[in-house]
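Notes follow once the structure below has been shown.
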Amino acid sequence: MSPSRTGELLFGTGGVPLSAESRSTEAGIKRIAELGLGCMEVEFVQGVKMSPEVAVSLGELAARKKVVLTAHGPYAINLNAVEPQKVHMSKERILQTARIASLLGAKSITFHAAFYLEDTPAETYATVKKQLEEVMNTLRKEGNKVTISPEVSGKISQFGSLEEILKLSSEIDGVLPCIDFSHWHARTGKANSYQEFFDILDRVERKLGRRALDNMHIHLSGIAYGQKGEIKHLMLPDSDLRYAELLKALKDRRAKGVVICESVPYLEQDALLLQKTYRELP
Ligand SMILES: [Zn+2]
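Take the sequence shown: its letters are residues 22 to 303, numbered as in this note's numbering.
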C-alpha cells in the first residue's frame, strides 16, 4: 500500500514532469514534491529496465518526499495475443512491473491488458481473466501486495470497457480498476457530466465495495476522439472534458487515491490545474 498520505485524493503526473531537472525518476519525484503535487506514475512503457537497488532507493526518496508512486507497465502487452509466446511475454511484463513496483513502494500498477483482434468481447474477456489469474497466483506466491489495475481503454478495438474492468476487479482478488475517465469519454462519446460521473462512482462502489472508492487509480487528460474512440491526448482546457464536474463527483463521493494526469504536452500544468480546481470546490 502507499507509504504515506492515504485518506486523500492526490494529484500528480504520468511520468517525470517536464520541468524536472532531468528525465530521471529521481528528478521527477523531487520535482513533484517541489510543485506541491502528491503522486507520480513511473512509466515503464518501453520496458522494465530499472534495477532492484535503484527501485529501493527511489522508494525511500518518494517516502521521504511524501510522494505516492504508481507504475505503468509496457505498451507491448496483449493477454489475448494469438501467439502463445506473445501471451507469455505479456504476463512476464506485468510480473516485471509488479515486482519493481513493489520495491518502489508503489501503490498500484496499470497496463493496457489486451486487444480483441478477431475475437468477440466475451471470448477476449475469458482469455484475459484466465491469464490474469495466473499472474495473480504467481504474485501471491511471491508475497507481492501491489494492486493490479488494468486500465479502462480509449479505443473500441482495445479490451477494457468500464464493464470489463469492473467485472475483472470483482472476479479476481487483488485486482482493482484503473479508471481513465478521458478514455471512457472518448470511447463512448458520453460520460461527461456530473450525474454520469457520479453514477460511475456509484457502480464502482456497488460492484467492488467502499474499498474501491478509497483506493482509486484514476487517469485523466484532455483528449481528442472520433468514431473509433481516442485519437490523442490534449491539454484539458483545449478539450471538451468537463473535468470540474468529475472532480465535484469525486469530492462528493469522498473518493481517495491518485489522479494521474497524462495531458499533452504540459502534464504538470494540468495536474496542478486539477489539484487547484479540486481544492477550491465547496
Ligand atoms: Zn495507459
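The C-beta atom is built at its ideal place from N, Cα and C for all residues, glycine as well. As the structure is a prediction and not an experimental result, all values here were calculated from the model.
- Across which residues does DSSP place Ser-242 in a beta bridge pair? Position 221 of the sequence shown, counting from 1, holds the residue named residue 242. Looking at the DSSP assignment, Ser-242 forms no beta bridge with any residue, so it has no partner.
- Pull up the distance between the alpha-carbon of Arg-275 and that of Leu-234, whole angstroms please. The sequence position of residue 275 within the sequence shown is 254, counting from 1. The sequence position of residue 234 within the sequence shown is 213, counting from 1. For Arg-275 and Leu-234, the distance between alpha carbons rounds to 8 Å.
- Hey, how far is the Cα of His-204 from the Cα of Glu-155? Counted from its first residue, the sequence shown places residue 204 at position 183. Counted from its first residue, the sequence shown places residue 155 at position 134. Their backbone Cα atoms lie some 27 Å apart in a straight line.
- Query: Among the residues of its own chain, which have a CB less than 7 Å from the CB of Ser-111, if the five just before and after it don't count?
  - Reply: For the purposes of this step, residue 111 is taken as the residue at position 90 of the sequence shown. Around Ser-111: Ile-98, Asn-99, Leu-100 and Ala-102.
- Query: Got a sec: does ligand 3 put a non-hydrogen atom nearer than 7 Å to the Cβ of Thr-131?
  - Reply: The model depicted lacks ligand 3 and carries ligand 1 instead.
- Take Ser-43 and list the residues in its own chain whose beta-carbon comes closer than 7 Å to its own, dropping the five residues that flank it on each side. In the sequence shown, counting from the first residue as 1, residue 43 sits at position 22. Closer than 7 Å at the Cβ level, and outside the excluded window around Ser-43, lies no residue.
- Task: Report yes if the CB atom of Thr-91 is closer than 8 Å to the CB atom of Ile-239, and no otherwise.
- Result: Locating residue 91 in the sequence shown gives position 70, where the first residue counts as 1. Locating residue 239 in the sequence shown gives position 218, where the first residue counts as 1. No. Outside cutoff.
- Item | Integer Cβ distance of Val-279 from Val-37, believed to fall under 8 Å | Counting from 1 along the sequence shown, the entry for residue 279 is found at position 258. Counting from 1 along the sequence shown, the entry for residue 37 is found at position 16. That belief does not hold up - the Cβ atoms of Val-279 and Val-37 are roughly 16 Å apart, past 8 Å.
- Length of the line joining the Cα atoms of Ser-25 and Pro-258: Sequence index remark: in the sequence shown, residue 25 carries index 4 (1-based). Sequence index remark: in the sequence shown, residue 258 carries index 237 (1-based). The predicted position of Ser-25 is uncertain, since its pLDDT is 42 and thus under 50; a value taken from the coordinates is nonetheless stated next. Roughly 31 Å separates the two Cα atoms.
- Message: When you compare the CB positions of Val-66 and His-93, do they come within less than 8 Å of one another, or not?
- Response: Here residue 66 corresponds to residue number 45 of the sequence shown, with the count starting at 1. Here residue 93 corresponds to residue number 72 of the sequence shown, with the count starting at 1. Between Val-66 and His-93, the C-beta spacing is below 8 Å.
- Message: Can you tell me whether His-93 sits near ligand 1, meaning its C-beta is under 7 Å from at least one heavy atom of the ligand?
- Response: Position 72 of the sequence shown, counted from the start, is the residue given in the question as residue 93. At least one heavy atom of ligand 1 sits closer than 7 Å to the Cβ of His-93.
- Where Gln-315 falls, given that 16 or more other Cβ within 10 Å makes a residue buried: Nothing can be reported for residue 315: it is not among the residues displayed for the chain, which extend from 22 to 303.
- What do you reckon, is the C-beta of Lys-172 under 7 Å from a heavy atom of ligand 1? Along the sequence shown, read from residue 1 onward, the residue named residue 172 stands at position 151. A small fix is needed here, since residue 172 is Glu in this sequence, not Lys. It does: the Cβ of Glu-172 is within 7 Å (strictly closer) of some heavy atom of ligand 1.
- Three-state class that DSSP yields for Leu-288 in the structure shown: The residue given as residue 288 occupies position 267 in the sequence shown. Correct three-state label for Leu-288: helix.
- Examine ligand 1 and report whether any of its heavy atoms sits within less than 7 Å of the Cβ of His-254. Numbered from 1 along the sequence shown, position 233 holds the residue referred to as residue 254. No, since every heavy atom of ligand 1 falls outside the 7 Å radius drawn around the Cβ of His-254.
- Under the rule that 16 or more other beta-carbon atoms within 10 Å means buried, what is Asp-291, buried or exposed? For the purposes of this step, residue 291 is identified with residue 270 of the sequence shown, where counting begins at 1. Counting Cβ neighbours within 10 Å, Asp-291 comes out buried, since at least 16 surround it.
- Run the CB neighbour count on Pro-95, radius 10 Å, all protein chains shown included, and call it buried at 16 or more, exposed below. Numbered from its first residue, the sequence shown carries residue 95 at position 74. It is buried - the Cβ of Pro-95 has at least 16 other Cβ atoms within 10 Å.
- Query: Who are the Cβ neighbours of Ser-23 in its own chain at under 6 Å, not counting the five residues just before and after it?
  - Reply: Within the sequence shown, the letter at position 2 stands for residue 23. Because the pLDDT at Ser-23 is just 42, under 50, the model does not fix this residue reliably, and the value given afterwards should be weighed accordingly. Val-89 and Lys-128.
- Query: For Met-22, does the three-state DSSP call read helix, strand or coil?
  - Reply: Translated into the one-based positions of the sequence shown, residue 22 becomes position 1. Note that Met-22 scores 39 on pLDDT, short of 50, meaning its location in the model is unreliable; the coordinates nonetheless yield the value given after this. Of the three classes helix, strand and coil, the one that applies to Met-22 here is coil, per DSSP.
- Task: Rounded to whole angstroms, what's the CA-CA distance from Glu-289 to Gly-33? Just pull it up for me.
- Result: By one-based count along the sequence shown, residue 289 stands at place 268. By one-based count along the sequence shown, residue 33 stands at place 12. Distance between the alpha carbons of Glu-289 and Gly-33: 7 Å.
- Query: So, helix, strand or coil for His-93, using DSSP?
  - Reply: One-based indexing of the sequence shown puts residue 93 at position 72. Collapsing the DSSP output to three states places His-93 in a strand.
- Message: Following a CB-centred definition, is His-240 positioned closer than 7 Å to any heavy atom of ligand 1?
- Response: Within the sequence shown, residue 240 is the residue found at index 219, counting from 1. Indeed, a heavy atom of ligand 1 lies less than 7 Å from the Cβ.
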